[in-house]
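The sequence shown: position 4 = 106 (our numbering), numbered continuously.
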Amino acid sequence: VVGANLGYVSTIAGAEAGPFTVHFWAPMSKWLISGASFLDLDRPTDKISIAQYTALTATGFFFSRYALLVNPINYVLCSV
């Protein structure tokens with residue numbers, strides 16, 4: 103795809119943080135995990151898992167720190 107001269111598609115595919123790198127898939131997976139927590143909005147408060155939200159918060163801190171240390175800086179991952 104990168105060397106196929108497909109114009110804009112090849113440009114995105116060949117980018118430093120393009121879809122064939124961890125810079126793309128790490129934020130996507132973290133956004134999906136964070137989005138799954140929205141399913142708990144209607145759940146009663148006594149049924150919400152403290153361990154799950156602690157893990158979600160901890161991975162958010164770790165991913166944000168990692169996102170600012172890698173080259174190129176991954177602002178999309180930091181936004182999760």
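For every residue, glycine included, the Cβ atom is placed at its ideal position computed from N, Cα and C.
Report all residues from its chain with a CB closer than 7 Å to the CB of residue i; omit the five preceding and five following residues, and keep chain order.
i	result
Cys180	Ser166, Ala169 and Leu170
Ignore the nearest five residues each way along the sequence and tell me which others in residue i's own chain have a CB closer than 8 Å to its CB.
i	result
Ile175	Ala169
Leu141	none
Thr132	It is Lys, not Thr, that sits at residue 132 in the sequence shown. Taken in chain order, the residues that qualify are Thr161, Gly162, Phe165, Leu179 and Val182.
Val172	His125
Leu193	This structure cannot speak to residue 193, because the chain is shown only from 103 to 182.
Alpha carbon to alpha carbon, what distance is there between residue j and residue i?
i	j	result
Gly109	Ala115	10 Å
Ser151	Ser139	10 Å
Leu143	Tyr177	27 Å
Applying the criterion that 16 or more other CB atoms from any shown protein chain within 10 Å of the CB defines a buried residue, is residue i buried or exposed?
i	result
Pro146	exposed
Within a Cβ cutoff of 6 Å, which residues of the same chain sit near residue i, ignoring the five residues on either side of it in sequence?
i	result
Ala128	Leu179
Length-filtered (4 minimum) alpha helix (DSSP H) runs lying within the region 105-163: DSSP runs (the alpha helix (DSSP H)) wholly in the region 105-163: 110-115 and 124-138.
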